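Only one structure is covered here, and it is reproduced in the block below.
2 protein chains.
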Amino acid sequence: MPATRSDALTPEVSLSDRIAQAFAGLPPQLQTAAQFVLEHPDDVALLSMREQARRAGVPPVTMTRLARQLGFADYAAFRDLQASALRRPPHTAEFSHRAGRLQKHQQQSGDGALAAQIGWTMAEHIASSHDEAGSAALIAAAALLEKARRVYFLGLRSCHAVAFHAHYIHGLFRDSGVLLDGAGDTGIDALRHAGPEDVLLVVSVAPYTTAAVERASYAARRGVSVVAITDSRVSPVAAMARASILIPTETPSFFHAITPAFAAAETLIALVAARAGEQALSAIRNAEHQLDAFSTYWSRRPQRRKPNS
Amino acid sequence: MPATRSDALTPEVSLSDRIAQAFAGLPPQLQTAAQFVLEHPDDVALLSMREQARRAGVPPVTMTRLARQLGFADYAAFRDLQASALRRPPHTAEFSHRAGRLQKHQQQSGDGALAAQIGWTMAEHIASSHDEAGSAALIAAAALLEKARRVYFLGLRSCHAVAFHAHYIHGLFRDSGVLLDGAGDTGIDALRHAGPEDVLLVVSVAPYTTAAVERASYAARRGVSVVAITDSRVSPVAAMARASILIPTETPSFFHAITPAFAAAETLIALVAARAGEQALSAIRNAEHQLDAFSTYWSRRPQRRKPNS
DNA sequence: TTTTATAAGAATCAATTGTTGCAACTTCGC
DNA sequence: GCGAAGTTGCAACAATTGATTCTTATAAAA
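Chains as they are written, first to last, in the working numbering: chain F, 1 to 309; chain G, 1001 to 1309.
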């Protein structure tokens, strides 16, 4: 998903576009296969078809059918396209030297290595989701948020923290944010008054929670502009989104990494603040002063009140 | 000379180095093959062996022999090495390569540059907080959490999302977690039963919220082991902590970056899960099945009920 | 409901893969 | 010149590849 985007000729883009476009009209099992291909484009060129099918959890035939469904004569034609995207210019041969070090790094074991690996993966993911293509998506989303009458924030389960935080920092300079946290199962009520001038920021990664998908869909049908932070261009929420911010979630640990989504959210709101300009800045200062008055924040000297010279 | 039979697995030396070194002692025909490989390293991974032999103008066997002469058991082993070198970042990425592109991107101006800068800073922060020292701190903290009777999670305001998320993923495999979210101002009540066998994970960065500091201090006085995720060795919560995880928060945006703290929390809980081992894994699976039963998660097939009229 | 169309999977097939064994061929030293 | 160690390539090998066919499931239409 990351990798080279705008530079040089990358027929790989056209392929994933092709898949993404055809995706909705594909039968379920082919969608499984298609999603796997989207997430592991390299494997198409590097693995045998059967091995891929094995990893994607589908019978081999399905891959053949997918290739054909996408308009290729062969699976071979499909693979060749990916292969040529993967090829690098002939002279960059010293590349493989780098691989050695990485492998060695991976082959270490123990908690320390695990921690380091998780860290690197996250850093890498964040970097990749802030590259040129990623930035463009973030900016487009920020533009929508900035001029919205109201911004709704929706994220459930593992994604709730992201939505919560986005809403929090957004609230530091705007009072138009509404967090759809569904306490007491009131999740959808606030959306009753939502309309085309509003924006819903929905955060959802696989496995997608039903409620989030349904609520986002409800909002979309009401004309609300949906902005999605999600993990695949074919995720259910990306389908209904006006703008999608794609972030990877793979990690060497048991769980999905939510950190990249969190990072995207932080950047997104920062961009909105930047667009709002001086106005936002002074709002933030106001908020700080107000909190200070309540001595919300700890200060080294027990009390700031008394000017204890 | 059987060449490098003994040092069979040394991923440290790049493949091309290995070939170049052995080259002189190779029989003529193998040199032909070796030269071709040196000039077309990509093809090793992307083409079949026979196809390569065809292009190199040698009989297929020669490629097998070359691989073996270089100390590989298989041609497959040979190919796999090249394939992993060819694979694009996702899992095995060198960060600096990406960083270079981002930096270049940064030198532009406008929103895109800001987004890239924020992303780069966050990635840097995460990488730095997962280095050796950082990993050690994470591991020490994980050890405390792992053997705790009960784990309390505390984070307020901008740090609340971090505590919330840590509690959530912790809850996927342990039922000993308690989130001190203070809804209805009950923040401290749960700590009444806390004691020396328990751990409090407190997340707090400048400006430190008074309430968080006070509650952590209260817990510490009760003998609870405090684990702090914070931004300075001298932060008020670090002072009372048994283990401190330090994360940077500077960023080019108006706000503090919470993402690094979030990342640290994710890694921390992942480490706890790793330590808990198989037990944790099966707990996670159980949780998933249970959620499945409630159809919490969305599945591709839109409809779940049949009476569609 | 029954009918029809579509999707999914198992079994099978020819083609191709990487490998092995053997025989022909070097290229030396003696 | 002769034999021995080392090279080379052909032909045959089992294993695996990607494709086809046919049957069973599943969903939609009448």
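We treat Cβ as the ideally placed atom computed from N, Cα and C, and that holds for glycine. Because the structure is a prediction, the values reported are computed rather than measured.
Among the residues facing chain F, R1157/G is included, as its CB has a counterpart in that chain under 9 Å away. Counting the other CB atoms within 10 Å of its CB gives A1206/G a total below 16, which places it among the exposed residues. CA-to-CA, the gap between P28/F and Q1021/G works out to about 52 Å. Taking the Cβ atoms as the reference, L30/F lies roughly 6 Å from T62/F, within the contact range of under 8 Å.
At a cut-off of 9 Å between beta carbons, L281/F contacts chain G.
G119/F places its beta carbon less than 9 Å from that of A1127/G.
Residue-level contact by beta carbon fails for T1032/G and chain F, as no gap is shorter than 9 Å.
Contiguous beta strand (DSSP E) elements confined to the stretch 99-176 of chain F occur at 151-155, taking only those with 3 or more residues.
Around the beta carbon of H1193/G, fewer than 16 other beta carbons lie within 10 angstroms, which makes this residue exposed. The residue from A273/F, T267/F, F255/F and A283/F with its alpha-carbon nearest to that of L1271/G is F255/F.
Following the DSSP letters along the chain, one finds V61/F inside the alpha helix (DSSP H) bounded by residues P60 to Q69. For S253/F, the secondary structure class from DSSP, reduced to helix, strand or coil, is coil. The C-beta separation of A1276/G from F1173/G comes to about 6 Å, placing the pair in contact by the 8 Å criterion. Within the same chain, Cβ atoms closer than 7 Å to the Cβ of A1220/G are found at V1226 and M1240, the five residues on either side in sequence being excluded. DSSP, reduced to helix, strand and coil, places I1229/G within a strand of the structure shown. Exclusion of the five residues before and after I1169/G leaves I1269 as the residues of its chain whose Cβ lies within less than 6 Å of its Cβ.
Following the DSSP letters along the chain, one finds L1086/G inside the alpha helix (DSSP H) bounded by residues Y1075 to L1086. The DSSP-derived three-state label of V205/F is coil. Under the three-state reduction of DSSP, L1246/G is assigned to strand. With a threshold of 9 Å between beta carbons, Y152/F makes no contact with chain G. Ranked by how close their Cα comes to the Cα of A1083/G, the residues V202/F, R149/F, A45/F and H125/F have A45/F in first place. With a threshold of 9 Å between beta carbons, S1176/G makes no contact with chain F. Following the DSSP letters along the chain, one finds P236/F inside the alpha helix (DSSP H) bounded by residues P236 to A239. With a beta-carbon spacing of about 12 Å, A166/F and L180/F fall beyond the 8 Å limit used to define contacts.
A265/F: member of the alpha helix (DSSP H) spanning T259 to A276, first to last residue. Taken atom to atom, the span from the alpha-carbon of S16/F to that of R1233/G is near 47 Å.
Cα atoms of R242/F and A136/F: separation of roughly 13 Å, rounded to the nearest angstrom.
Within the stretch 1117-1139 of chain G, those residues whose Cβ lies closer than 8 Å to any Cβ of chain F are, in chain order, I1118, G1119, W1120, M1122, A1123, E1124, I1126, A1127, S1129, H1130, D1131, E1132, G1134, S1135, A1136, L1138 and I1139.
For V44/F, no chain G residue has a C-beta closer than 8 Å to its own C-beta; the minimum C-beta separation is roughly 11 Å. V178/F is bridged by DSSP to Y152/F.
For I1258/G, the CB contacts under 6 Å within the same chain, skipping 5 residues up- and downstream, are S1158 in chain order. When only Cα atoms are considered, D42/F and S1235/G end up about 45 Å apart. Under the DSSP assignment, F36/F falls in the alpha helix (DSSP H) whose first and last residues are P28 to E39. In the structure shown, V1044/G adopts helical secondary structure according to DSSP, grouped into three states.
Within the DSSP bridge table, the entry for V199/F names V151/F and S225/F as partners. Taking 7 Å as the Cβ-Cβ cut-off, the stretch 250-271 of chain F approaches chain G at E250, S253, F254, F255, A257, I258, T259, F262, A263, E266, T267, A270 and L271, given in chain order.
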